[in-house]
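Asker: Counting along the sequence shown from 1, when you hit position 42 you're at 42 in UniProt numbering, and nothing is skipped either side.
The C-beta atom is built at its ideal place from N, Cα and C for all residues, glycine as well.
Please see the structure below; I have some questions.
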Amino acid sequence: MSGTAMKCCKEDCGKFVEGSAEAKTLTSICYKATKDKLFREPGSDSNDVAIPREVDNNGCLVASAREPGFPLLPSTKLTVAMAVILTWLEECPDDKIIVFSDFVNTIKVLGCMLQMLNIGFVYHTGGMRQSQKDKAIKDFAEDEAKKIFVSSMRTGGQALNLTSANRVIIIDQWWNTTREKQANCRVLRIGQKKTTYLVRILAADAEIESKISLLQTRKDIEIDHALQDDGHVPAALNDSDYEDLFNPAKPDTGSKGSPAKKTRQRKEKKGARAAPKH
Numbered sequence: 001m002s003g004t005a006m007k008c009c010k011e012d013c014g015k016f017v018e019g020s021a022e023a024k025t026l027t028s029i030c031y032k033a034t035k036d037k038l039f040r041e042p043g044s045d046s047n048d049v050a051i052p053r054e055v056d057n058n059g060c061l062v063a064s065a066r067e068p069g070f071p072l073l074p075s076t077k078l079t080v081a082m083a084v085i086l087t088w089l090e091e092c093p094d095d096k097i098i099v100f101s102d103f104v105n106t107i108k109v110l111g112c113m114l115q116m117l118n119i120g121f122v123y124h125t126g127g128m129r130q131s132q133k134d135k136a137i138k139d140f141a142e143d144e145a146k147k148i149f150v151s152s153m154r155t156g157g158q159a160l161n162l163t164s165a166n167r168v169i170i171i172d173q174w175w176n177t178t179r180e181k182q183a184n185c186r187v188l189r190i191g192q193k194k195t196t197y198l199v200r201i202l203a204a205d206a207e208i209e210s211k212i213s214l215l216q217t218r219k220d221i222e223i224d225h226a227l228q229d230d231g232h233v234p235a236a237l238n239d240s241d242y243e244d245l246f247n248p249a250k251p252d253t254g255s256k257g258s259p260a261k262k263t264r265q266r267k268e269k270k271g272a273r274a275a276p277k278h
């Protein structure tokens, strides 16, 4: 509303109420941003690739980029991830880092944090065009200024050779450790010349994180036992076992006919009982 005085609508009041200045909402901030020709989507990577989102998922990011006094508030996991990134960049500035997450919103918030700190990075997510993903992989391998590869685990966690990096951060757990191991193996491939490092970020007091960890452990135990990777020696088969294996028991036909014949006989009897009397 405008800053003009308005008469109170309550009966017999007669007083004037001063109106406040124009109210700002996340929707109005996003709308104004889209009308601004100089607006740049927050969190755009070093290749100027952005991850557009709906207002409900993007309003806070746009507001933090355009409105003073509206800070970006990352999650605890992202705060830890950024602390690890900054430590590695300071201690080993020649090393490159891959960060995996399962959620696009998490990836975008991390992109906003890297952008604000002027750290070179590229995205690699399923929503990008194939040409953009190919360029991200090529530039990450060849451009020394692009230090961080931010990817979803589904898109970048398999089949890629990313030996230009030797450090991996996994922000979100998966339901089994196989996908996480595959993601870590993007740097553990032929051609890797450096020592590799892996950091998995877990929320200690989060119930869902604890349940996923227990599920991962149980699955690993079952798989290792099935594949004999746990070192156990299966019991040897005796003569009776071999006989059962190579001479499977024939169906019990009883004294009269085969099972199929008995089934037909039962159906014929049932049909005869159900036939109407004349």
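Is it the case that the Cβ atoms of I98 and L38 are separated by a distance below 8 Å?
Answerer: no
Asker: Let me know if residue 290 comes out buried or exposed under the rule of 16 or more other beta-carbons within 10 Å of its beta-carbon.
Answerer: The structure shown does not extend to residue 290, since the chain is modelled only from 1 through 278, so no value can be given for it.
Asker: Alpha carbons only, please: which of Y242, S46 and D172 is nearest the one belonging to A206?
Answerer: D172
Asker: Taking the CB atoms as reference points, tell me whether A136 and G120 lie closer together than 8 Å.
Answerer: Not closer than 8 Å, so no.
Asker: How long is the line joining the alpha carbons of D102 and F246, rounded to whole angstroms?
Answerer: When rounded, the distance between both Cα atoms is 48 Å.
Asker: Rounding to the nearest angstrom, what Cα-Cα distance links L198 and A81 in this structure?
Answerer: When rounded, the distance between both Cα atoms is 12 Å.
Asker: Of all the alpha helix (DSSP H) runs that stay within the bounds of the segment 91-175, which reach a length of 4 or more residues?
Answerer: 104-116, 130-142 and 153-156
Asker: Between the C-alpha atoms of T106 and P248, what's the straight-line distance to the nearest angstrom?
Answerer: Each residue's Cα considered, the two are about 56 Å apart.
Asker: Under 8 Å Cβ to Cβ from E222, same chain only, skipping five residues before and after it: list those, please.
Answerer: none
Asker: Go to R186, then tell me how far its beta strand (DSSP E) extends in each direction, as first and last residue.
Answerer: Annotation for R186: no beta strand (DSSP E) segment contains it, and DSSP assigns it neither H nor E.
Asker: Nearest-angstrom Cα distance between D220 and K194?
Answerer: The alpha-carbon atoms of D220 and K194 are separated by roughly 28 Å.
Asker: Quick one: residues in its chain with C-beta nearer than 6 Å to the C-beta of A65, no 5 flanking neighbours on either side, listed in chain order?
Answerer: P42
Asker: Taking the runs of the alpha helix (DSSP H) that are 4 residues or longer, which of them lie wholly in the segment 32-75?
Answerer: 55-66
Asker: Determine the burial state of D45: buried for a count of at least 16 other Cβ atoms within 10 Å of its Cβ, exposed for fewer.
Answerer: buried
Asker: Is the closest heavy atom of the ligand HEM to the C-beta of N105 under 7 Å?
Answerer: Ligands displayed in this structure: none; no statement on the ligand HEM is therefore possible.
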